[in-house]
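Comments concern the structure below.
Numbering (the working numbering), first residue to last: 1298 to 1485.
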């Protein structure tokens, strides 16, 4: 067989064909792209993450701050239109959960007397990773005496993060926020 003016044996031609197929397969494997789309991500008009309040954005965020503090959250950031809080949980010995809660309060009307509160809670999951360290000490005056010293260190390793999307979680938060707004209106 001749290929481009070069004489090839049947075996060489077969090897060249196999090599071409392998190169094609390997290049196809290397260019394959997997598209990862967010799970359960839809943009709709549900009100899971927001509620309207008959109060200014500053009043709404202050009520949100009180609601978070009353549930053991540590306030980590605060402005007139933003409150952030964090709370840690340890459901078992080797697992730690952290919830970062954010509320943004914006005016809904032009006079600013009605506001919208947008809340999102991000839950991070950590697991305990143990690593052992060991060292030995040799004392030359006593010969080859080695005394082993060992220690272990524990560290938390993040294994997952997701936005809490349970409607009941946000419903209970917004109900508590509303109760603090009512208390403020009843107090002279």
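Virtual Cβ for every residue (Gly too), placed ideally from N, Cα, C.
Remember, predicted model here, so these are calculated numbers, not experimental data.
Practice prompt. Please list, in chain order, all residues of the same chain as residue 1364 whose beta carbon is under 7 Å from its beta carbon, the five residues on each side excluded.
Written response: Here residue 1364 corresponds to residue number 67 of the chain shown, with the count starting at 1. Correct list, in chain order: 1470, 1473, 1474, 1477.
Practice prompt. Taking 7 Å as the cut-off, decide whether the C-beta atoms of residue 1429 and residue 1467 are in contact.
Written response: Mapped onto the chain shown, residue 1429 falls at position 132. Mapped onto the chain shown, residue 1467 falls at position 170. Result no, Cβ atoms of residue 1429 and residue 1467 do not sit closer than 7 Å.
Worksheet item: Taking the alpha-carbon positions, what's the residue 1341 to residue 1423 distance?
Response: Taking the first residue of the chain shown as position 1, residue 1341 is located at position 44. Taking the first residue of the chain shown as position 1, residue 1423 is located at position 126. Each residue's Cα considered, the two are about 31 Å apart.
Fill in: Own chain, CB closer than 7 Å to residue 1412, minus 5 neighbours either side, in chain order
Walking along the chain shown from the start, residue 1412 turns up at place 115. Only 1350, 1352, 1353, 1354, 1357, 1402, 1403, 1404, 1405 meet the Cβ criterion.
Item to complete: Could you tell me if residue 1398 is buried or exposed, where buried requires 16 or more neighbouring beta carbons within 10 angstroms of its beta carbon?
Response: Translated into positions along the chain shown, residue 1398 becomes position 101. Here residue 1398 is buried, its C-beta having at least 16 other C-beta atoms within 10 Å.
Practice prompt. Compute the distance between the beta-carbons of residue 1383 and residue 1371, then report whether it is under 7 Å.
Written response: Within the chain shown, numbered from 1, the residue matching residue 1383 stands at position 86. Within the chain shown, numbered from 1, the residue matching residue 1371 stands at position 74. Cβ distance < 7 Å, so residue 1383 and residue 1371 count as in contact.
Worksheet item: On the premise that residue 1419 lies in contact with residue 1460, defined as a C-beta separation below 8 Å, what is that separation, rounded to the nearest angstrom?
Response: On the chain shown, residue 1460 is found 163 positions in, with the first residue counted as 1. On the chain shown, residue 1419 is found 122 positions in, with the first residue counted as 1. The pair is a contact, with the Cβ atoms about 6 Å apart (cut-off 8 Å).
Discussion item. I want to see whether chain E comes within less than 7 Å of residue 1367, judged by CB atoms only; does it?
Written reply: Absent here is chain E; the protein component of the structure consists of one chain.
Worksheet item: Going by beta carbon distance, what residues of the same chain come within less than 6 Å of residue 1450, once the five residues before and after it are set aside?
Response: Looking up residue 1450 in the chain shown gives position 153. Excluding sequence neighbours, residue 1450 sits near 1428.
Item to complete: Would you list, in sequence order, the uninterrupted beta strand (DSSP E) runs of no fewer than 3 residues that lie entirely inside the region 1379-1409?
Response: With a minimum length of 3 residues, the continuous beta strand (DSSP E) runs that stay inside the region 1379-1409 are 1379-1389, 1392-1404.
Worksheet item: By the 10 Å Cβ neighbour count, where 16 or more other Cβ atoms means buried, how is residue 1454 classified, buried or exposed?
Response: Your numbering for residue 1454 matches position 157 in the chain shown. Exposed, because fewer than 16 other Cβ atoms sit within 10 Å of the Cβ of residue 1454.
Worksheet item: Mapping DSSP to helix, strand and coil, what is residue 1421?
Response: Sequence index remark: in the chain shown, residue 1421 carries index 124 (1-based). Reduced to three states, the DSSP call for residue 1421 is strand.
Worksheet entry | Whole-number beta carbon distance between residue 1465 and residue 1414, since they are thought to touch under 8 Å | Against the chain shown, residue 1414 aligns to sequence position 117. Against the chain shown, residue 1465 aligns to sequence position 168. No, residue 1414 and residue 1465 are not in contact; Cβ-Cβ is about 17 Å, not under 8 Å.
Practice prompt. List the whole-angstrom C-beta distance separating residue 1345 from residue 1462, where the pair is believed to meet the contact cut-off of C-beta under 8 Å.
Written response: Translated into the one-based positions of the chain shown, residue 1345 becomes position 48. Translated into the one-based positions of the chain shown, residue 1462 becomes position 165. Right, their Cβ atoms sit about 7 Å apart.
Discussion item. Just to confirm the assignment: which complete alpha helix (DSSP H) runs, minimum length 4, are found wholly within the region 1349-1377?
Written reply: As far as the region 1349-1377 is concerned, its whole alpha helix (DSSP H) runs of at least 4 residues are 1354-1367.
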